[in-house]
DNA sequence: TCGCAATATCGACAGTCATCGAACCAAGGA
DNA sequence: TCCTTGGTTCGATGACTGTCGATATTGCGA
C-alpha cells in the first residue's frame, strides 16, 4: 500500500507530466522525457493496459482487485502490474476490510493526453 | 526504409488504435490492448521519446536524421530507435539523396490522445 | 572509378521485465 | 485459537531490449 494515510494522492512521474510541454511544441529535455516515458512505459504492456482500462471504465471509478479477472495471468502477476501502475502514479489504492480497491489517479489521463495532442 | 513507394503511409499498430474505444469508456479486449500497448511501448523509452519529440516539434514537421543529435546515444542506436517508432506506425520516412527525413504519421497522436481522454 | 558521407543492419552483451509457484501477511469468522 | 480468504512479496527463470562497435549499403562528387 503506497497510500496509507488520508487524502489519497497520486505519486510517481504522473504528477510531473503536467509540467511537460506538448510533444508537438518543443522537444523534451532529458528529465521531461524521463518522466513522460515512465508513464507510457507503464501503459506499454498489453496485460497492464487491459487491467488499467478495466479500472478506468469501472462504473463507480473504482475496482476491487478481486474483480480483476480473466486477463490471462496469475494473481501474483496481476498484483505486480497493479504495483507498477501505482508506482507510475497512474493508480491509487484503498483498503477496505480484506479487499483492496484501485482507481485512476485524478488528472493523469488528461495531462498525458494533452502531452500528445494539446487541445485547441 | 519501410516506405519505398509513393504515397507514404503509416504502418503498424498506430492505424488500428483509431478503432479502440477510450480507456475510460469500456475495458479493452485482448487485441485492442495489444495494439494500443504497442504504441505506448514505443513511446516508453526516454531516448526514443526525446527523438520523437524532436521530430514532432520540428518547424516544418520533418526532421533529417542528421539533425537528431545530442541525445546521448550512438548513431546506430538512434537508427534503431527510429526503426522502432516507424514499425509502431508513429513515424514515416522519406529519402532525399543521402539523407532521410522523418515525420510524425498523421492522425496518430490525436487518436492516441483520444484513447486516454476522449474530447467532450 | 575511387573515396567519402549519411544511414541502416548485424552480432554480441548486459540489464531489465513479465511470469510463475511458494511463502507470507492481514482480517474475519467459527 | 485455528482455519479461510484476499492480496502482497519473494526468488527464480526465460524472454526481451537498449546499447555498442563493426560492417554493409546507398548516393554523391572528384
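Residue numbers (the UniProt record's numbering), protein chains in the order written: chain A, 1 to 120; chain B, 1 to 120. Quick reminder that beta carbons are idealized off the backbone N, C-alpha and C, glycines included. All figures in this text were calculated on a predicted structure; none of them were measured in a lab.
Notebook entry, point to check: Unbroken alpha helix (DSSP H) runs of length 4 or more, entirely within the UniProt domain "HTH arsR-type" (28-120) of chain B: which are they?
Noted result: Inside the UniProt domain "HTH arsR-type" (28-120) of chain B, DSSP marks whole alpha helix (DSSP H) runs of 4 or more residues at positions 30-42, 46-56, 75-87 and 108-116, from first to last along the chain.
Checklist line | Whole-number beta carbon distance between residue 14(A) and residue 90(A), since they are thought to touch under 8 Å | finding: Their Cβ separation, rounded to whole angstroms, is 6 Å, which keeps residue 90(A) and residue 14(A) in contact under 8 Å.
Notebook entry, point to check: To which residues of the same chain is residue 73(B) closer than 7 Å at the C-beta, ignoring the five residues directly before and after it?
Noted result: Taking residue 73(B) as the centre and dropping the five residues before and after it, the same chain places the C-beta of 47 closer than 7 Å to its C-beta, in chain order.
Note to self: Between the alpha carbons of residue 6(A) and residue 102(A), how many angstroms are there, rounded?
What the structure shows: Per-residue confidence for residue 6(A) stands at a pLDDT of 36, beneath the threshold of 50, marking its modelled position as unreliable; the derived number appears in the next sentence. Rounded to whole angstroms, the separation of the alpha carbons of residue 102(A) and residue 6(A) is 15 Å.
Check: Given a threshold of 16 other Cβ atoms within 10 Å of its Cβ, counted over all protein chains shown, does residue 32(B) qualify as buried or as exposed?
Finding: That one is buried.
Margin query: Any beta carbon from chain A within less than 8 Å of residue 44(B)'s own beta carbon?
Written below: It does: the Cβ of residue 44(B) has a partner Cβ on chain A nearer than 8 Å.
Margin query: Against chain B, does residue 23(A) count as a neighbour if the rule is that its beta carbon must be under 8 Å from one of theirs?
Written below: For residue 23(A), at least one C-beta of chain B is nearer than 8 Å to its own C-beta.
Next item on the list: Assign residue 21(A) to one of three DSSP states: helix, strand, or coil.
Entry: Residue 21(A) falls in the coil class under three-state DSSP.
Check: Quick one: does residue 53(B) have its CB under 8 Å from some CB of chain A?
Finding: Residue 53(B) counts as touching chain A.
Note to self: Any beta carbon from chain A within less than 8 Å of residue 84(B)'s own beta carbon?
What the structure shows: At a cut-off of 8 Å between beta carbons, residue 84(B) makes no contact with chain A.
Notebook entry, point to check: Does the Cβ-Cβ distance between residue 71(A) and residue 51(A) come in under 8 Å?
Noted result: Result yes, Cβ atoms of residue 71(A) and residue 51(A) sit closer than 8 Å.
Check: Under a CB-based cut-off of 8 Å, is residue 26(B) close to chain A?
Finding: The beta carbon of residue 26(B) sits closer than 8 Å to some beta carbon of chain A.
Notebook entry, point to check: If you count every other CB in all the chains shown that lies within 10 Å of the CB of residue 19(B), and 16 or more means buried, which is it?
Noted result: Exposed is the call here.
Note to self: Taking 8 Å as the threshold (beta carbon to beta carbon), is residue 109(A) in contact with chain B?
What the structure shows: Taking a beta-carbon distance threshold of 8 Å, residue 109(A) counts as an interface residue toward chain B.
Checklist line | Among 41(B), 66(B) and 76(B), the one whose alpha carbon lies nearest that of residue 85(B) | finding: Nearest C-alpha to residue 85(B): 41(B).
Next item on the list: List the residues of chain A whose Cβ lies closer than 8 Å to the Cβ of residue 95(B), in chain order.
Entry: Here the premise fails: no neighbours, minimum Cβ distance about 23 Å.
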